[in-house]
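Only one structure is covered here, and it is reproduced in the block below.
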Amino acid sequence: LVVRKVRELPPIEAIPTDAPVAPRSWPSGIWVGGTWGVDRVDQFGTWRGTPADFVITYPAYATWAQLADSDWHVQVFNGFAGRLVYGLPLLPKDEAGKAGALAAVAAGRHDDVFNSVADVLLKHGRGDSVIRIGLEAPGDWFPWGAGNGANTPEDFKAAFAHVSRLLQARMPKAEMMFDISCGAQLRGQKDRMDPLTALYPGDEVVDIAAFGTQPPPGSVGEEPSDDGGTVLLYGHLDKQPEMSGWREGL
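Residue numbering for the sequence shown follows the numbering used here, starting at 25 and increasing by one per position.
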């Protein structure tokens, strides 16, 4: 996914619907934001001239119980022919800053919750989803982030690895994604590669490595966005140097 800066984006109505579509060999998709649903994903595909291969979704996760019971965010995309990129929290919001919270995940104390997540995905025929475990790992804005509270890289890696193995066993067709946020420094880092090297959980539990970045307003990737959105780029570990991506924001 190439992001190029432009001074001004044309209104979507001004883009000819019969314009030729450049061929591509990599899958791409969208975070629809706003109103979720298949119709909105289809509108995006119609606008750009090719259907989306993926759509990004996130569960509600205020508590462990809410994460376990969350279903609507998967059900709302029933009928979408592509795959889900499922942003899976490693901790709910009410666990933020609690000492030992990630260690409890790594020890299997919340396996019932992650099994419930697998149940929801399988129920809706989404066993081939890309599971974005503990997304945006270096930051402090999510409860599981390495910069939140007393969390450490070792805590994060152990929790990620445990959940990945559990889900791999339940959903063998799913792919596990590890991603970092570009520009988010790891607490105490000494090298710009530390967020990647210190947090990476290992090839045996990661299928896809990814990074996200916030381009400035006026940037454009696969679709128009007033605020620039988030570009999530990834590569399959066994297919490098292929790179694919989604643009978050519509």
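Backbone N, C-alpha and C fix where the C-beta goes; we use that ideal spot for every residue, glycine too.
Please read these numbers as outputs of a predicted model, since none were measured by experiment.
Residue i, DSSP secondary structure in three states
i, result
"D203", "strand"
"S140", "helix"
"F180", "helix"
"R189", "helix"
"R107", "strand"
"A198", "coil"
"K214", "coil"
"K122", "coil"
"D164", "coil"
"D135", "helix"
Residue i - containing alpha helix (DSSP H), residue span
i, result
"T70", "62–72"
"W55", "First-last for W55: 52–55, but that is the beta strand (DSSP E), not the alpha helix (DSSP H)."
"W96", "96–99"
"P219", "218–221"
"W88", "88–93"
"A128", "125–130"
Range covered by the beta strand (DSSP E) that runs through residue i
i, result
"V229", "That residue, V229, is in no beta strand (DSSP E); it is neither H nor E in DSSP."
"T81", "78–81"
Nearest-angstrom beta carbon gap, residue j and residue i [assumed within contact, 8 Å]
i, j, result
"L210", "D218", "5 Å"
"M201", "L191", "Actually they are not in contact, since the Cβ atoms of M201 and L191 sit about 11 Å apart, beyond 8 Å."
"E110", "V154", "Here residue 110 turns out to be Tyr, not Glu, going by the sequence shown. Confirmed, about 7 Å."
"P162", "L223", "6 Å"
"G132", "H186", "6 Å"
"F279", "G106", "Outside the displayed span of the chain (25 to 274) sits residue 279, for which this structure offers no information."
"R189", "V229", "6 Å"
"P116", "Q90", "7 Å"
"G103", "A76", "Not confirmed; about 13 Å, so no contact."
Strand pairing of residue i, partner residues [DSSP]
i, result
"L112", "I157"
Per-residue burial, residue i [other beta carbons within 10 Å of its own, 16 or more giving buried]
i, result
"R216", "exposed"
"G212", "exposed"
"K181", "buried"
"W55", "buried"
"D143", "exposed"
"D6", "Residue 6 falls outside the range modelled here, since the chain spans only 25 to 274, and no answer is possible."
"T221", "exposed"
Residue i CB to nearest heavy atom of the ligand ATP below 7 Å
i, result
"A76", "This structure simply doesn't include the ligand ATP, nor any ligand for that matter."
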